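Peer 1:
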Amino acid sequence: MIKAIFFDLDGTLLDSNKRISKSSVEYLNKCKEKNIKLFIATARLPDCTDRLNFSDEEKELFDGGVFCNGAVVIVGDKSFCHCIDHNVVSSIINAVKKYPDLFLAVQKKGNVHAFNKPLPDDERTLWGISKENCFSTENCSIVDVIKIMIFDGGYYTELKKLSDEVINNVSKTCGKDAGFYLTDEGKVIQISGCGISKYQGVEEIRKTLMYDKSECVVFGDDYNDVEMLSNYENSYAMGNSPKEIKNVSAYITDDNDSDGIANALKRFVK
1 MIKAIFFDLD
11 GTLLDSNKRI
21 SKSSVEYLNK
31 CKEKNIKLFI
41 ATARLPDCTD
51 RLNFSDEEKE
61 LFDGGVFCNG
71 AVVIVGDKSF
81 CHCIDHNVVS
91 SIINAVKKYP
101 DLFLAVQKKG
111 NVHAFNKPLP
121 DDERTLWGIS
131 KENCFSTENC
141 SIVDVIKIMI
151 FDGGYYTELK
161 KLSDEVINNV
171 SKTCGKDAGF
181 YLTDEGKVIQ
191 ISGCGISKYQ
201 GVEEIRKTLM
211 YDKSECVVFG
221 DDYNDVEMLS
231 NYENSYAMGN
241 SPKEIKNVSA
251 YITDDNDSDG
261 IANALKRFVK
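According to this note's numbering, the sequence shown holds residues 1 to 270 in order.
Listed below in structure tokens is the structure:
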């Protein structure tokens with residue numbers, strides 16, 4: 001019997017307009033009626049439901065979630081936070097200095113953000129960051145960092161594919177001391193703490209609730225979902241996923257613009 005379902009957001013639960021489709025909401029509610037707990041599993045920050053303008057009905061669907069690729073985990077009244085070692089943060093910041101065109105975003109506990117160069121006001125608004133919580137990496141403490149992102153171009157406007165040199169150098173800098181994920185079709189590097197991943201976050205929730213793995217379902221579409229998808233027997237890749245993601249998943253559903261979530265959930269609410 002299924003007791004919990006975990007959903008990645010972008011490219012999975014959300015359609016191309018960053019909304020949850022009406023049919024998905026319908027079947028999510030049917031899952032709730034079956035006493036199935038629903039969780040988010042995303043690279044986004046814990047306040048993502050506000051940033052995405054979820055309705056109150058949509059927010060109430062979820063019992064917590066895995067955020068920042070596992071750096072922040074919330075289940076009921078419990079929360080767990082895992083930070084990146086400050087020496088690793090310093091090394092990554094220094095490595096990116098070799099590439100002046102790149103943006104480096106450091107996300108800290110308490111919704112504090114730091115960037116390696118000034119963020120245009122329109123872009124900062126899209127990030128949902130107040131001026132008071134937006135700093136330069138040159139004058140911001142590098143402790144309590146939960147996630148780092150590296151990208152070329154405006155993150156919410158026009159991303160460019162990262163070069164192999166950048167990818168290899170940053171990956172080498174992370175080594176075994178941090179989690180390295182190349183996402184968004186090779187356009188974004190996401191970095192988390194050592195041993196931190198969506199899978200680890202899902203496991204924290206599962207063990208807190210004392211569920212078996214067979215009682216959980218996971219949905220994803222990108223490379224930071226691989227460990228989560230490959231370690232659960234009830235794993236679903238979206239139809240819009242790269243081939244490598246589909247290959248590690250037990251099932252494949254339709255794409256995120258073709259009711260992929262609703263169509264997969266039908267089997268759990270019959």
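All residues carry an ideal CB built from backbone N, CA and C; glycine is no exception.
Only a predicted model underlies this, so the values are computations on that prediction, with no experimental measurement involved.
Helix, strand or coil for V188, going by three-state DSSP, please let me know.
Peer 2: For the purposes of this step, residue 188 is taken as residue 188 along the sequence shown, with counting starting at 1. Strand, per DSSP.
Peer 1: Nearest-angstrom Cα distance between C174 and I191?
Peer 2: As a working mapping, residue 174 is identified with position 174 in the sequence shown. As a working mapping, residue 191 is identified with position 191 in the sequence shown. Using only the alpha carbons, I get a separation of about 8 Å.
Peer 1: Give me whichever residues DSSP pairs with I158 in a beta bridge.
Peer 2: The residue labelled residue 158 in the question sits at position 158 within the sequence shown. Looking at the sequence itself, residue 158 is Glu, so the reference to Ile does not match. DSSP, once it has assigned bridges, lists G154 as partnering E158.
Peer 1: What is the rounded straight-line gap between the Cα of V188 and the Cα of I93?
Peer 2: Here residue 188 refers to the residue found at position 188 when the sequence shown is read from its first residue. Here residue 93 refers to the residue found at position 93 when the sequence shown is read from its first residue. If I take the Cα positions, the gap works out to 15 Å.
Peer 1: Just the C-alpha distance for R44 and K270, rounded to the nearest angstrom, thanks.
Peer 2: To locate residue 44, count along the sequence shown from 1; it is residue 44. To locate residue 270, count along the sequence shown from 1; it is residue 270. Each residue's Cα considered, the two are about 32 Å apart.
Peer 1: With respect to 6 Å, is the separation between the Cβ of K117 and the closest non-hydrogen atom of the ligand SAH below this value?
Peer 2: With respect to the ligand SAH, the structure offers nothing, as it holds no ligand at all.
Peer 1: Could you please give the first and the last residue of the uninterrupted alpha helix (DSSP H) stretch that includes C48?
Peer 2: Taking the sequence shown and counting its residues from 1, one reaches residue 48 at position 48. Its alpha helix (DSSP H) spans residues 48-51.
Peer 1: According to DSSP, is H113 helix, strand or coil?
Peer 2: Translated into positions along the sequence shown, residue 113 becomes position 113. Note: H113 maps to strand in three-state DSSP.
Peer 1: Could you give the DSSP three-state label for A71: helix, strand or coil?
Peer 2: On the sequence shown, position 71 is the one that residue 71 refers to. Reduced to three states, the DSSP call for A71 is coil.
Peer 1: Within 8 Å, do at least three Cβ pairs link the segment 64-73 to the segment 203-212?
Peer 2: Short answer: they touch.
Peer 1: Going by the beta-carbon positions, is the gap between I150 and L104 smaller than 7 Å?
Peer 2: The residue you call residue 150 lines up with position 150 of the sequence shown. The residue you call residue 104 lines up with position 104 of the sequence shown. The answer is yes: Cβ separation under 7 Å.
Peer 1: Check whether the segment 128-141 and the segment 152-162 touch, using three or more Cβ-Cβ pairs below 8 Å as the test.
Peer 2: The segment 128-141 vs the segment 152-162: no contact.
Peer 1: Starting from S23 and walking both ways along the alpha helix (DSSP H), at which residues does that stretch end?
Peer 2: Against the sequence shown, residue 23 aligns to sequence position 23. Segment 22-33, the alpha helix (DSSP H) holding S23.
Peer 1: Whole-angstrom Cβ separation of K37 and A4, contact assumed at under 8 Å?
Peer 2: Taking the first residue of the sequence shown as 1, we reach residue 37 at position 37. Taking the first residue of the sequence shown as 1, we reach residue 4 at position 4. Yes, they are in contact, since the Cβ atoms of K37 and A4 sit about 5 Å apart, within 8 Å.
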